[in-house]
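**Q** Please read through the structure below; I'll follow up with questions.
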Amino acid sequence: MIFVLRFHAEITVKSKSLRQRYSKVLTGSIRNLMKAISPEIKVRNLWDKLEVETPEVPEVCAQVLDRLQNTPGISHIEQVENTPFESFEQLLEFVLDKQGEHLANQSFAVRVKRKGKHEFSSQDLAAYIGGGIKARVEGTRVQLKNPEQTVKIWLEDDQANVEIERFNGLGGYPIPTQETVVSLISGGFDSAVATYALMRRGARTHFCFFNLGGAEAHEAAVKEVSYFIWEKFSKSHPVKFVSIDFSDVVDRILTQDQPGLMGVLLKRAMLRAASIVASRLNAQAIVTGEALGQVSSQTLTNLQVIDEVTDTLVLRPLIVSDKQDIVDLANSIGVGEMAAAIPEYCGVISNKPTVKAQRGAIKVAEETLNDELIESAVLNGKLIDVRNIPTVTQEETHIRQINDLAELNGNELVLDIRAPEEEELNPLVLSGSKVQHLPFFKLARAAEGLDKNQPVVLYCKQGVMSRLQAITLRNMGFTQVAVLADEAVCKS
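Numbered per this note's numbering, the sequence shown spans residues 3 to 494.
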């Protein structure tokens with residue numbers, strides 16, 4: 003099977019040298035991604051498009067399409083069938099074989115594009131193919147404006163491609179055609195979507211998490227959200243995940259006598275630390291999920307005061323976005339459910355936060371937040387390769403992960419904690435094991451009635467909620483808790 007990849011429109015209007023660079027980067031990224039699927043996949047750079055040729059194996063084709071649809075730089079993907087061009091008659095038979103059944107009882111138009119020398123025009127070929135379809139496919143009628151179906155043919159010298167289906171791409175620029183950034187990730191909707199936005203725009207994006215003193219489940223969940231975003235949209239290029247313990251900074255902020263400034267003080271401290279991280283990772287900007295006016299620290303006055311603490315460029319891709327639009331985008335890219343499941347930890351919430359912080363008051367309040375405190379927090383931070391997050395998270399939380407269904411002995415209570423609509427689409431059925439559907443938002447209360455010595459195995463698609471809820475059950479006194487990896491279910 004052949005997939006033809008069309009570049010994002012903003013790439014096609016660039017200079018020849020830039021276009022060559024972007025197409026070369028995108029080709030390299032796709033080759034890296036395809037290696038993990040099958041060594042038989044071929045990727046060709048053809049100047050105005052890329053071609054990906056895959057074995058005729060449904061599972062492989064599905065994986066390839068999923069990867070291509072989530073790779074920045076691609077406007078759309080055309081699934082095509084290729085044939086040598088011999089004559090009008092031969093091409094008509096090919097089109098009827100591939101598309102005839104699909105066109106029955108519908109209006110249609112034929113569009114032909116040619117490259118190379120031919121003794122006929124594109125209109126001649128389109129008229130012949132259209133006439134043949136109308137004469138031989140029941141119920142068809144030609145309709146050049148707004149047809150129900152469009153037959154698209156690309157003829158290049160003596161080779162013809164017929165489009166079978168078209169899929170939307172992600173758009174944006176290939177990673178890393180833009181420079182490197184560090185995204186401040188909390189695991190919530192805003193930071194996740196902001197991170198995605200920079201990846202889509204072609205920036206290699208590292209992650210930086212500030213632990214404000216929340217439970218271990220919070221950091222574990224943020225790591226898994228970060229891993230999900232990277233694995234889905236940026237897997238072609240490894241990045242770092244930096245975790246910084248900010249509990250000492252929070253303690254200092256709580257001791258100063260200006261409670262209304264706490265939110266601004268925390269954001270300024272985060273930018274100071276993030277600037278050090280950005281410098282060490284050779285990143286040119288810091289990314290945040292702030293939106294204008296969403297909370298008190300995000301007024302124009304406060305944002306200006308916050309930014310003054312660093313010379314590093316601060317990017318806010320969501321600055322004019324409505325919250326519901328952010329949530330909708332989070333859901334569309336697959337992180338909404340995970341973001342909703344992550345608990346909020348903030349140790350510096352004020353009852354009366356200021357919306358217009360005064361610089362003089364900030365300077366006085368920051369006297370205890372010296373450079374040594376910030377630098378020490380960064381120095382003692384943990385830096386890991388994002389590719390190692392699944393292993394590191396499992397080791398840090400000490401939650402057993404079941405990677406093969408053979409590890410189940412039938413005595414466990416398997417709890418499918420996915421949301422009801424997701425469970426209904428694809429119910430979890432395990433031979434020899436009792437499976438109970440219990441949505442994650444009902445688990446804590448329902449767990450009070452369960453036997454705490456009963457082995458419990460939790461399952462969700464991405465593994466974030468299952469690990470979070472496993473930690474919750476363990477803290478409630480359950481002695482045998484494990485999570486079931488989606489890979490184990492897929493192998494069954």
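In this text, a Cβ means the ideal position worked out from N, Cα and C, and glycines have one as well.
Pop quiz: V466 and M340 are said to be a contact at Cβ under 8 Å. What is the actual Cβ separation, rounded to whole angstroms?
**A** Counting from one through the sequence shown, the residue named residue 466 turns up at place 464. Counting from one through the sequence shown, the residue named residue 340 turns up at place 338. With 8 Å as the limit, V466 and M340 qualify as a contact, their Cβ atoms being about 5 Å apart.
**Q** Report the three-state DSSP secondary structure of K493 (helix, strand or coil).
**A** On the sequence shown, position 491 is the one that residue 493 refers to. Note: K493 maps to helix in three-state DSSP.
**Q** Below 8 Å on the Cβ atoms is my guess for K354 versus G262; work out the distance and round it to an integer in Å.
**A** As a first step, residue 354 is located in the sequence shown; it is residue number 352 there, counting from the start. As a first step, residue 262 is located in the sequence shown; it is residue number 260 there, counting from the start. Confirmed, Cβ separation roughly 5 Å.
**Q** Closest to A293 by CA distance: which of T312, R318 and L273 is it?
**A** Reading the sequence shown from its first residue, position 291 is the one you call residue 293. For A293, the nearest C-alpha among the options comes from R318.
**Q** Using CA coordinates, which residue listed in D253, T73, V144 and R143 is at the minimum distance from Y175?
**A** On the sequence shown, residue 175 is found 173 positions in, with the first residue counted as 1. Here the closest residue by C-alpha is T73.
**Q** Residues bridged to F9 by DSSP?
**A** Walking along the sequence shown from the start, residue 9 turns up at place 7. Its beta-bridge partners are I76.
**Q** Would you give the residue range spanned by the beta strand (DSSP E) that S245 belongs to?
**A** As a first step, residue 245 must be located in the sequence shown, where it is residue number 243. Residues K242 to D247.
**Q** Looking only at its own chain, which residues have a Cβ that is under 7 Å from the Cβ of L385, when we skip the five neighbours before and after it?
**A** For this step, residue 385 is matched to residue 383 along the sequence shown. Once the five neighbours on either side are set aside, the close Cβ partners of L385 are K242 and V244.
**Q** What distance in whole Å lies between the Cβ atoms of I376 and A274, which are believed to be in contact at a cut-off of 8 Å?
**A** Taking the sequence shown and counting its residues from 1, the one referred to as residue 274 is at position 272. Taking the sequence shown and counting its residues from 1, the one referred to as residue 376 is at position 374. In the sequence as presented, Ala is not what sits at residue 274; that position holds Arg. About 5 Å separates the two Cβ atoms, so the contact holds.
**Q** When you compare each of T303, D488 and Q81 to Y461 by their alpha carbons, which one comes out closest?
**A** The residue labelled residue 461 in the question sits at position 459 within the sequence shown. Closest by alpha carbon: D488.
**Q** Which residue from K234, N34 and R8 puts its Cα closest to that of V388?
**A** Taking the sequence shown and counting its residues from 1, the one referred to as residue 388 is at position 386. Considering only alpha carbons, the answer is K234.
**Q** Would you kindly check if the distance between the Cβ of A363 and the Cβ of A194 is under 8 Å?
**A** The sequence position of residue 194 within the sequence shown is 192, counting from 1. The sequence position of residue 363 within the sequence shown is 361, counting from 1. Not in contact: A194 and A363 (Cβ atoms no closer than 8 Å).
**Q** Whole angstroms is fine: what's the gap from V289's alpha carbon to V183's?
**A** Taking the sequence shown and counting its residues from 1, one reaches residue 289 at position 287. Taking the sequence shown and counting its residues from 1, one reaches residue 183 at position 181. Each residue's alpha carbon lies about 7 Å from the other.
**Q** I need the straight-line Cα distance from H208 to S185, nearest angstrom please.
**A** Along the sequence shown, read from residue 1 onward, the residue named residue 208 stands at position 206. Along the sequence shown, read from residue 1 onward, the residue named residue 185 stands at position 183. Rounded to the nearest angstrom, the two C-alpha atoms are 6 Å apart.
**Q** Using 8 Å as the Cβ pair cut-off and three pairs as the minimum, do the region 51 to 63 and the region 128 to 147 touch?
**A** Because the criterion of three Cβ pairs below 8 Å is not met, the region 51 to 63 and the region 128 to 147 do not touch.
**Q** Applying the criterion that 16 or more other CB atoms from any shown protein chain within 10 Å of the CB defines a buried residue, is M478 buried or exposed?
**A** Here the question's residue 478 lines up with position 476 in the sequence shown. Exposed, by the Cβ-count rule.
**Q** Determine the DSSP secondary structure at V144, reduced to helix, strand or coil.
**A** Residue numbering aside, residue 144 sits at position 142 when the sequence shown is read from its first letter. Three-state result, V144: strand.
**Q** Compare the Cα-Cα distances from V6 to each of R138, I473 and V82 and report the closest residue.
**A** Indexing the sequence shown from 1 puts residue 6 at position 4. Among R138, I473 and V82, the Cα nearest to that of V6 belongs to V82.
**Q** List in chain order: all unbroken alpha helix (DSSP H) runs of 4+ residues lying wholly within the region 306 to 338.
**A** Whole alpha helix (DSSP H) segments, 4+ residues: 325 to 335.
**Q** Can you give me the Cβ contacts of E424 inside the same chain, cut-off strictly under 6 Å, excluding the 5 residues immediately before and after it?
**A** Position 422 of the sequence shown, counted from the start, is the residue given in the question as residue 424. Contacts found: none.
**Q** Is the region 80 to 99 touching the region 114 to 132, taking contact as three or more C-beta pairs under 8 Å?
**A** Touching, yes, given that three or more Cβ pairs across the two stretches are closer than 8 Å.
**Q** Just how far apart, CA to CA, sit I43 and E53?
**A** By 1-based counting over the sequence shown, the position of residue 43 is 41. By 1-based counting over the sequence shown, the position of residue 53 is 51. Cα-Cα distance, rounded: 10 Å.
**Q** Beta strand (DSSP E) containing K436: first to last residue?
**A** Against the sequence shown, residue 436 aligns to sequence position 434. From DSSP, the beta strand (DSSP E) with K436 extends over K436 to H439.
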